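*Asks:* This structure is in structure tokens; I'll ask about it shortly.
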Amino acid sequence: MKIESFPQQVYKLTSLIPRGRVSTYLAIARALNNPKAARAVGNALNKNPYAPKVPCHRVIRSNGEVGGFANGTNKKIAILKKEGIIINKGRIDLNKYLYEFKAKK
DNA sequence: CATATGACACTAT
DNA sequence: AATAGTGCCATAT
Numbered sequence: 014m015k016i017e018s019f020p021q022q023v024y025k026l027t028s029l030i031p032r033g034r035v036s037t038y039l040a041i042a043r044a045l046n047n048p049k050a051a052r053a054v055g056n057a058l059n060k061n062p063y064a065p066k067v068p069c070h071r072v073i074r075s076n077g078e079v080g081g082f083a084n085g086t087n088k089k090i091a092i093l094k095k096e097g098i099i100i101n102k103g104r105i106d107l108n109k110y111l112y113e114f115k116a117k118k
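Printed below as a string of structure tokens:
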């Protein structure tokens, strides 16, 4: 089996998020069996060498806040709205838009 | 190897 | 509810 670097796995999962849906740093960390690595996930996405290939703008905070973005949080929000996601006061309804990764085991 | 940084999360106040 | 303080992980230096 091929072991991919942490950021590599993050990009892979992130690229799976369909348009109009979002995920969270925590969810990704969990999918990688590292529930406490949410921060590390953010770090990986921040570098994001696969800019257009990986929809990093679809990854938000677990509390529903948009979070940060290398190009400016503002931009992130604009894109998400364009994707059809309703943002209320810089917050996103996770119950509606959260995309769940396939439980891999 | 030690310290510092960051697109986070949780708990206590 | 909003603000601080603390914990955690992966990188960069």
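Going by the working numbering, the first residue of the first sequence is number 14, and it counts up by one from there.
Using N, Cα and C, we set each Cβ at its ideal position, and we do this for glycine too.
Model, not experiment: these values are computed from the prediction.
How big is the Cα-Cα spacing for glutamine 22 and arginine 43?
*Replies:* 12 Å
*Asks:* When the Cα atoms are used, what is the spatial distance from asparagine 76 to lysine 15?
*Replies:* 33 Å
*Asks:* Consult DSSP for valine 23 and reduce its assignment to one of helix, strand or coil.
*Replies:* Looking at valine 23 - three-state DSSP - the assignment turns out to be helix.
*Asks:* Report the CB separation of leucine 93 from isoleucine 100 in whole angstroms; it is logged as a contact under 8 Å.
*Replies:* 6 Å
*Asks:* Taking C-beta to C-beta, are leucine 72 and serine 18 nearer than 8 Å?
*Replies:* Looking at the sequence itself, residue 72 is valine, so the reference to leucine does not match. Taking 8 Å as the Cβ cut-off, valine 72 and serine 18 do not qualify as a contacting pair.
*Asks:* Considering Cα atoms alone, identify which of Leu107, Arg74 and His70 is closest to alanine 91.
*Replies:* His70
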